[in-house]
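Structure first, commentary second.
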Amino acid sequence: MKEERKTLDEELKQGKEKLAKAEEELAGCRARIAELESELKTRSRAELIAKIFDVESGSLEFARSAFNNVVAQVKLFNKDLEISTEGLDAMKEVWDGELVAPATEE
Numbered sequence: 001m002k003e004e005r006k007t008l009d010e011e012l013k014q015g016k017e018k019l020a021k022a023e024e025e026l027a028g029c030r031a032r033i034a035e036l037e038s039e040l041k042t043r044s045r046a047e048l049i050a051k052i053f054d055v056e057s058g059s060l061e062f063a064r065s066a067f068n069n070v071v072a073q074v075k076l077f078n079k080d081l082e083i084s085t086e087g088l089d090a091m092k093e094v095w096d097g098e099l100v101a102p103a104t105e106e
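Just so you know, full-length UniProt numbering puts the end of the sequence shown at 106, numbered straight through with nothing missing.
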C-alpha cells in the first residue's frame with residue numbers, strides 16, 4: 001500500500017509539473033496572440049492612413065485636371081475673345097464679383 005501511494009504521489013507530482021509547463025506555454029501563446037493582434041491593429045491603422053493620403057492626393061489631382069479641362073474648353077469655345085487665365089485658382093470661388101478663398105466650415 002505504501003509503495004502504491006508512493007507511485008501515485010510521484011505520478012501526481014509529474015502531472016502537476018506537466019500542467020505547470022502547459023500553463024506556461026499557454027500564457028506565452030496568449031501573450032503572442034495579444035502581440036499579433038496589436039500589430040495587426042497598428043498595421044491596419046497605418047494602411048488606412050496611407051490609403052486616405054492616396055485618395056486625397058488622387059482627388060486633388062482629379063480636381064486640377066478637371067479645372068484645367070474647363071479652362072481649355074472655355075478658351076476653345078470663345079476663340080474670338082481674348083480670355084485671360086492669369087489669377088485663376090481652382091481653390092477659390094466667385095462672390096459678389098470677386099475671386100475669394102472659400103469660407104471655412106466650422
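Built from N, CA and C at the ideal position, the CB exists for glycine as well.
- Of the residues LEU99, GLU47 and LYS51, the one whose Cα lies closest to the Cα of LEU88 is LEU99.
- In the three-state reduction of the DSSP assignment, GLU93 falls in the strand class, which pools E and B.
- For the options PRO102, ALA63, SER84 and ALA66, the alpha carbon positioned closest to that of LYS92 is the one of PRO102.
- Linking GLN14 to ARG30 through their CA atoms gives a straight-line distance of about 24 Å.
- Excluding the 5 residues flanking it on each side, GLU37 has no same chain C-beta neighbour closer than 6 Å.
- Contact check for PHE53 and ALA90: beta-carbon distance about 20 Å, past the 8 Å limit, so the pair fails to qualify.
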